[in-house]
Amino acid sequence: MLEIKNLTMSYKNKLVLDKINLSFEKGKVLGLLGPNGSGKTTLLRILAGLEKNYAGEVKIGGEDPNHLTKSFVSYQPDHLPLDKSYNLVKISDLYDEFFEDFSKEKFEKIIRDFKLDMNMKIKNMSKGMKDKVQIALSLSRKSDLYLLDEPMSGIDPASRKKIMDVIIDNFDSEGLMIISTHLISQIERLLDEVVFISDGKIILEENIDDLRQKHKMGVEEYFEEVFNV
Numbered sequence: 031m032l033e034i035k036n037l038t039m040s041y042k043n044k045l046v047l048d049k050i051n052l053s054f055e056k057g058k059v060l061g062l063l064g065p066n067g068s069g070k071t072t073l074l075r076i077l078a079g080l081e082k083n084y085a086g087e088v089k090i091g092g093e094d095p096n097h098l099t100k101s102f103v104s105y106q107p108d109h110l111p112l113d114k115s116y117n118l119v120k121i122s123d124l125y126d127e128f129f130e131d132f133s134k135e136k137f138e139k140i141i142r143d144f145k146l147d148m149n150m151k152i153k154n155m156s157k158g159m160k161d162k163v164q165i166a167l168s169l170s171r172k173s174d175l176y177l178l179d180e181p182m183s184g185i186d187p188a189s190r191k192k193i194m195d196v197i198i199d200n201f202d203s204e205g206l207m208i209i210s211t212h213l214i215s216q217i218e219r220l221l222d223e224v225v226f227i228s229d230g231k232i233i234l235e236e237n238i239d240d241l242r243q244k245h246k247m248g249v250e251e252y253f254e255e256v257f258n259v
């Protein structure tokens, strides 16, 4: 499903990604974990088809990331890139028009689960509310690849379990989901595999169960040991 070979990218003469090699099939949830500035967002933007100036090979379902792959890649950036005057009804209509795999019914159900109002405008939303809307938009598509960049950064701790429950209930198991986050303890129960990235290099790629068995600790504890945090 996803093949990355020798992916390298520099920005303003700084090496951002350094010979990344990864391969994943559908039906998994992957945690992309690393310190700030490690290359996580850049990697997701490449997979979403938003960054072009890279070397190496990236294939999603056999295609290079482009306007064609956007039809089966659902990308949630770390902000809501829509007109602040739009309400959720307008946003739902736009997504329904733009993405053939978008389900308005599923979106409205998830919005109800989050206890948000479809008539609410973006300009009146908190950061946490916007994060919930982005998660709902991503999960309301039947995509092959879901890319979530810090999906819960603005959500209060009390609401995070609900977010996890919604993701579990609505993730299409025929797809591949990649979540980039620093809230490891909150997402650990979702994950099948983890990738640790530091200074643009992959330093670990491992199945969750194998990691726990080998190192006798959970993902967050091992992350803290590896990165000395």
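Quick note, the working numbering runs 30 ahead of the 1-based positions in the sequence shown. Positions of the beta carbon are idealized from the N, C-alpha and C atoms, including for glycine.
**Prompt:** In terms of residues, what are the limits of the alpha helix (DSSP H) holding T72?
**Reply:** It spans 70–77 - the alpha helix (DSSP H) in which T72 sits, taken as one unbroken run.
**Request:** Give the straight-line distance between the Cα atoms of H245 and Y252, rounded to the nearest whole angstrom.
**Result:** 8 Å
**Request:** State the DSSP-derived secondary structure class of N154, mapped to helix, strand or coil.
**Result:** helix
**Prompt:** Is there contact between the segment 33–46 and the segment 82–91, where contact requires at least three CB pairs shorter than 8 Å?
**Reply:** yes
**Asked** Between the C-alpha atoms of T99 and S210, what's the straight-line distance to the nearest angstrom?
**Response** 20 Å
**Request:** Please name the residue in L220, D131, N83 whose C-alpha comes closest to that of V198.
**Result:** Reading the sequence as shown, one finds Ile at residue 198 and not Val. I198 has its Cα closest to that of L220, out of L220, D131, N83.
**Request:** Go through its chain and collect everything with a Cβ distance to L52's Cβ below 6 Å, but skip five positions before and after it.
**Result:** I34
**Request:** Kindly list the residues whose CB is nearer than 7 Å to the CB of G260, restricted to its own chain and excluding five residues on each side of it in sequence; keep chain order.
**Result:** One cannot answer for residue 260 here, as it falls past the ends of the chain, which runs 31 to 259.
**Message:** Helix, strand or coil for M182? Go by DSSP, reduced to three states.
**Reply:** coil
**Item:** Selection from P181, M207, E204 that minimises the alpha carbon distance to I165
**Value:** Cα-wise, what sits closest to I165 is P181.
**Message:** Suppose the cutoff is 6 Å on Cβ atoms and the five residues either side in sequence are ignored; what does the same chain contact list for E81 look like?
**Reply:** In chain order, R75 place their CB closer than 6 Å to the CB of E81, counting only its own chain and leaving out the 5 sequence neighbours on each side.
**Item:** Candidates Y84, V196, K151, of which the one nearest S115 by Cα
**Value:** K151
**Request:** Along the alpha helix (DSSP H) that carries K145, what are the first and last residues, could you check?
**Result:** For K145, there is no enclosing alpha helix (DSSP H), as DSSP marks it with neither H nor E.
**Asked** Would you call R142 buried or exposed, if buried means 16 or more other Cβ atoms sit within 10 Å of its Cβ?
**Response** exposed
**Request:** Might you give, ordered along the chain, the residues of its own chain that have their beta carbon closer than 7 Å to the beta carbon of S203, omitting 5 neighbours on each side?
**Result:** Only G57 meet the Cβ criterion.
**Asked** Do you know how far the Cα of Y125 is from the Cα of F132?
**Response** Between F132 and Y125, the alpha-carbon positions lie close to 7 Å from each other.
**Request:** Just the C-alpha distance for A85 and L167, rounded to the nearest angstrom, thanks.
**Result:** As the crow flies, the alpha-carbon of A85 is around 31 Å from that of L167.
**Request:** Verify whether the separation of the beta carbon atoms of I193 and E250 is less than 7 Å.
**Result:** no
**Status (buried if at least 16 other CB within 10 Å, exposed otherwise) for D113** = exposed
**Three-state class that DSSP yields for M258 in the structure shown** = As written in the sequence, residue 258 is Asn, which differs from the Met given in the question. Coil, per DSSP.
**Request:** Measuring alpha carbon to alpha carbon, tell me which of H212, K44, F201, M159 ends up nearest P65.
**Result:** H212
**Item:** Cα-Cα separation, G61 to N154
**Value:** If I take the Cα positions, the gap works out to 31 Å.
**Item:** Limits of the unbroken beta strand (DSSP E) element including E236
**Value:** 231–237
**Request:** Identify which residue in I50, F128, G248 has its Cα closest to the Cα of S170.
**Result:** Residue F128 is the option with its Cα nearest to S170.
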